[in-house]
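Novice: Residue numbers (the working numbering): 9 to 234.
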């Protein structure tokens, strides 16, 4: 097996039949058995380290007032600033993440489009082509898209999937992200590099008043040990 196939095997990114075939192809004295064992032990150690990290609840119930009230924007700004300060100590314990994995799995709420966003990330109305192509999605209690398009001055527009916190626990997403971040950083360290990430949490509100949070990381790559 190639190093990439070994890593896919450890990460569980292959089917059961493919995994069985790869393992059967290894000779009893093949040195890759030792490499595979070390990778599995390392993965278990990282999972244990992540599970022992203190996790606090990110999303809390909020009382939604009329979205047309003039004080909504000021309340959202103050809430966002205080929440960002309170959560700095939590995110300082999380490991670095890659730019590719940043946008993949983030929690939020379903809504038509974003109307308020007190942070440097600019937003545009989302497209609901997925919802239109699937009639079963129209049975949701609100007419909402499944993705939100986010634009950044330094990157191409990216579509972020919206996840309803009542259906998927945000803590599960954060824990899964942390494990993937740790595994990626270990791979980089074996090649002499290290990621340095500065996490921030931005929050905002959808048009119907429901709130969302988006973790964003400023990621840089540097030689390991510097």
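All C-beta atoms in this analysis are idealised placements derived from N, C-alpha and C, irrespective of residue type, glycine included.
No experiment lies behind these values; they were computed from the predicted model shown.
Reducing DSSP to helix, strand and coil, say where residue 213 ends up.
Specialist: By 1-based counting over the chain shown, the position of residue 213 is 205. The answer is strand: DSSP assigns residue 213 an E or B state.
Novice: Taking the alpha helix (DSSP H) that residue 27 belongs to, which residues open and close that run?
Specialist: Walking along the chain shown from the start, residue 27 turns up at place 19. Counting along the chain, the alpha helix (DSSP H) containing residue 27 begins and ends at 24-33.
Novice: Are there 16 or more other CB atoms within 10 angstroms of the CB of residue 184, so buried, or fewer, so exposed?
Specialist: If you number the chain shown from 1, residue 184 lands on position 176. Exposed, by the Cβ-count rule.
Novice: My output table needs one value for residue 228: the three-state DSSP class, helix, strand or coil.
Specialist: Walking along the chain shown from the start, residue 228 turns up at place 220. Residue state, collapsed to three classes: strand.
Novice: With H, G and I counted as helix, E and B as strand and the rest as coil, what does DSSP make of residue 36?
Specialist: Taking the first residue of the chain shown as position 1, residue 36 is located at position 28. In the structure shown, residue 36 sits in coil (DSSP, three-state: anything other than H, G, I, E or B).
Novice: Tell me residue 223's beta-bridge partners as DSSP assigns them.
Specialist: What you label residue 223 is simply residue 215 of the chain shown in a count that begins at 1. Partner(s): 209.
Novice: Just to confirm my understanding: we take residue 96, look at its own chain, exclude 5 residues before and 5 after, and list those with CB closer than 7 Å. What are they?
Specialist: In the chain shown, the residue the question calls residue 96 occupies position 88. Low confidence applies here, because residue 96 scores a pLDDT of 49, under 50, leaving its location unreliable; read the following figure in that light. Within the same chain, residue 96 has no close Cβ partners at all.
Novice: For residue 45, which residues from the same chain have a beta carbon less than 6 Å from its beta carbon, with the 5 sequence-adjacent residues on both sides left out?
Specialist: Position 37 of the chain shown, counting from 1, holds the residue named residue 45. Within the same chain, residue 45 has no close Cβ partners at all.
Novice: Residue range of the alpha helix (DSSP H) that residue 19 falls in?
Specialist: Counted from its first residue, the chain shown places residue 19 at position 11. Segment 11-19, the alpha helix (DSSP H) holding residue 19.
Novice: Would you mind sorting residue 214 into buried or exposed? The rule is 16 or more other CB atoms within 10 Å of its CB.
Specialist: If you number the chain shown from 1, residue 214 lands on position 206. Residue 214 comes out buried.
Novice: Using the three-state DSSP reduction, which class does residue 104 fall into: helix, strand or coil?
Specialist: In the chain shown, residue 104 corresponds to position 96, counting from 1. For residue 104, the pLDDT reaches just 41, beneath the cut-off of 50, and the residue's location in the model is therefore unreliable, leaving the point undetermined.
Novice: Can you list, in chain order, the residues of its chain with a C-beta nearer than 8 Å to that of residue 233? Leave out the 5 residues immediately preceding and following it.
Specialist: Here residue 233 corresponds to residue number 225 of the chain shown, with the count starting at 1. Closer than 8 Å at the Cβ level, and outside the excluded window around residue 233, lie 202.
Novice: For residue 164, list the residues DSSP reports as bridge partners.
Specialist: By one-based count along the chain shown, residue 164 stands at place 156. Note: residue 164 sits in no beta bridge, so no partner.
Novice: To the nearest angstrom, report how far apart residue 206 and residue 230 are at their CA atoms.
Specialist: Taking the chain shown and counting its residues from 1, one reaches residue 206 at position 198. Taking the chain shown and counting its residues from 1, one reaches residue 230 at position 222. Distance between the alpha carbons of residue 206 and residue 230: 14 Å.
Novice: Looking only at its own chain, which residues have a Cβ that is under 6 Å from the Cβ of residue 43, when we skip the five neighbours before and after it?
Specialist: On the chain shown, residue 43 is found 35 positions in, with the first residue counted as 1. Closer than 6 Å at Cβ, skipping near neighbours: no residue.
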